[in-house]
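Just so we're aligned: 19 in numbering that gives the first Met the number 0 is position 20 of the sequence shown, and the numbers increase by one with no gaps anywhere. Report on the structure given below.
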Amino acid sequence: MKSKYFILAALLLAMPSTMMAQQNIKKAFDALLNEKITESKTQHIFERDPQTGRKSAQADVYDFVITAPSALERLKDIRKAFDKDKEAAYSLNSGSRKRADQTDSDESMFSIVETIRSLAPITLAVGDGTAQSVSIGSMQGSDYIYACFTDKDDPDSRYRYAYAMEWVEKSKKTHVRLAVTYALRPEARDNSKDKKKSKINRIIVNGKDVSVDEPSGMLDNIFSSVLNYSTDSLLFNREKTPESWLSEFNNYKRLFLKNPDGATATHYATSIYSLCKKSAMLEPEEKKLVISELTKLKAAAKDELIQNIFEMSIKKLK
0 MKSKYFILAA LLLAMPSTMM AQQNIKKAFD ALLNEKITES KTQHIFERDP QTGRKSAQAD
60 VYDFVITAPS ALERLKDIRK AFDKDKEAAY SLNSGSRKRA DQTDSDESMF SIVETIRSLA
120 PITLAVGDGT AQSVSIGSMQ GSDYIYACFT DKDDPDSRYR YAYAMEWVEK SKKTHVRLAV
180 TYALRPEARD NSKDKKKSKI NRIIVNGKDV SVDEPSGMLD NIFSSVLNYS TDSLLFNREK
240 TPESWLSEFN NYKRLFLKNP DGATATHYAT SIYSLCKKSA MLEPEEKKLV ISELTKLKAA
300 AKDELIQNIF EMSIKKLK
């Protein structure tokens, strides 16, 4: 049984040596897979472009159960590895998948959207993202973390690697999913379909596959899929303006400050970071205002990773 995990380790080691951006995560994944674990399911996908011979799709997914203390320590090592490799990632997200009885009672439209997002699994694309994907966040009450890295060996920088981990304790057993996927970056998928959309994550809502790429850009797709409502006239479907940008930033800031030490704090921090990477439309005075607010958020954060995310956000605005 363990030999199957050595297959993934071999695949990871076989990746080009120049792909050093996510080396800490790769090593931490390998270390956990070499622990005493109970395998329940594996998936492997690998495709090459027949014309160029270059890899065009990959997915290695492992679902298993661990109980040994040493294996549980490996989980902590993986979380630390994501922190070590975060500077090389173009996207880093983490959070918790709530149970239905854990959702907030606030019935405002924004809170409804946030509740939907907390319940819906995230889908990591494989290849061009049209036919294959890997779900993260399907286990009720689980925690998850994932990061995306540009393939340094792709001369056009169109492809990316995504590394993800999801885990939850059930009956004194910890259920874990590890996943590595290789796919076109969101903007490359959009360009191939001649779409003019901002970068966003693919998720599944109410059984519908919704193509999105980052938390800040998913509202229109959620409204369309969940409410079955055309949002052509709504703000969420329009080109971002300084006013809409600031409004979205303020919403994330407010949600973060409601519970800066809670399970969703990292999620809101990374959402703010994603927003700050797309702040070109802001005027200098507006950026100064946002930097001032980010400084306050950093002071309110207790987690070092979150503090670093806010510091990165400030650098993006400068």
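All residues carry an ideal CB built from backbone N, CA and C; glycine is no exception. No experiment lies behind these values; they were computed from the predicted model shown.
Please tell me whether residue i and residue j are closer than 8 Å, where the distance is taken between their beta carbons.
i: serine 69; j: glutamate 34; result: yes
i: tyrosine 135; j: glutamate 168; result: According to the sequence displayed, residue 135 carries isoleucine and not tyrosine. Not closer than 8 Å, so no.
i: isoleucine 305; j: alanine 264; result: yes
i: aspartate 84; j: alanine 161; result: no
To the nearest angstrom, how far is the alpha carbon of residue i from that of residue j?
i: aspartate 142; j: isoleucine 313; result: 27 Å
i: alanine 27; j: histidine 174; result: 17 Å
i: leucine 293; j: lysine 315; result: 12 Å
i: lysine 40; j: alanine 163; result: 16 Å
i: glutamine 57; j: alanine 182; result: 7 Å
i: lysine 171; j: isoleucine 144; result: 21 Å
i: valine 179; j: cysteine 275; result: 27 Å
i: arginine 53; j: arginine 176; result: 27 Å
i: phenylalanine 188; j: aspartate 302; result: The residue asked about is misnamed: residue 188 is arginine in this sequence, not phenylalanine. Cα-Cα distance, rounded: 34 Å.
i: threonine 269; j: threonine 51; result: 36 Å
i: valine 289; j: lysine 257; result: 18 Å
i: glutamate 310; j: proline 49; result: 44 Å
i: lysine 252; j: leucine 245; result: 10 Å
i: asparagine 307; j: serine 95; result: 20 Å
i: methionine 138; j: aspartate 62; result: 11 Å
i: serine 318; j: asparagine 92; result: This structure cannot settle anything about residue 318, because the visible part of the chain is limited to 0 through 317.
i: aspartate 76; j: proline 283; result: 40 Å
Using C-beta distances below 7 Å, list every residue in its chain close to residue i, excluding the 5 sequence neighbours before and after it, in chain order.
i: serine 156; result: Thr149
i: isoleucine 65; result: Glu34, Ile36, Leu71, Thr173, Val175
i: aspartate 82; result: Leu304
i: glutamine 42; result: Ala58, Val60
i: serine 55; result: Glu46, Arg47, Asp48, Gly126
Select from the options the residue whose C-alpha is nearest the C-alpha of residue i.
i: leucine 254; options: Glu86, Ala300, Lys171, Ile144; result: Ala300
i: aspartate 59; options: Val125, Arg78, Met311; result: Val125
i: proline 241; options: Asp260, Lys277, Tyr267, Gly261; result: Lys277
i: aspartate 29; options: Asp152, Ala80, Ala67; result: Ala80
i: glycine 128; options: Pro259, Ile44, Ala298; result: Ile44
i: arginine 73; options: His266, Pro154, Asn23; result: Asn23
i: serine 90; options: Glu282, Ser291, His266; result: His266
Once the 5 residues before and after residue i are set aside, which same chain residues still bring their CB inside 6 Å of it?
i: lysine 286; result: Leu316
Measuring only between beta-carbons, confirm whether residue i sits less than 8 Å from chain C.
i: glutamate 165; result: Note that chain C does not occur in the displayed structure, where there is just one protein chain.
Beta-carbon within less than 8 Å of residue i's beta-carbon, same chain only, minus the 5 sequence neighbours each way: which residues are those?
i: isoleucine 271; result: Phe248, Tyr251, Lys252, Phe255, Leu293, Leu296, Ile308, Phe309, Ser312
Uninterrupted beta strand (DSSP E) stretches inside the segment 30–64 (no shorter than 3 residues)
37–47
Of all the alpha helix (DSSP H) runs that stay within the bounds of the segment 232–284, which reach a length of 4 or more residues?
241–257, 264–275
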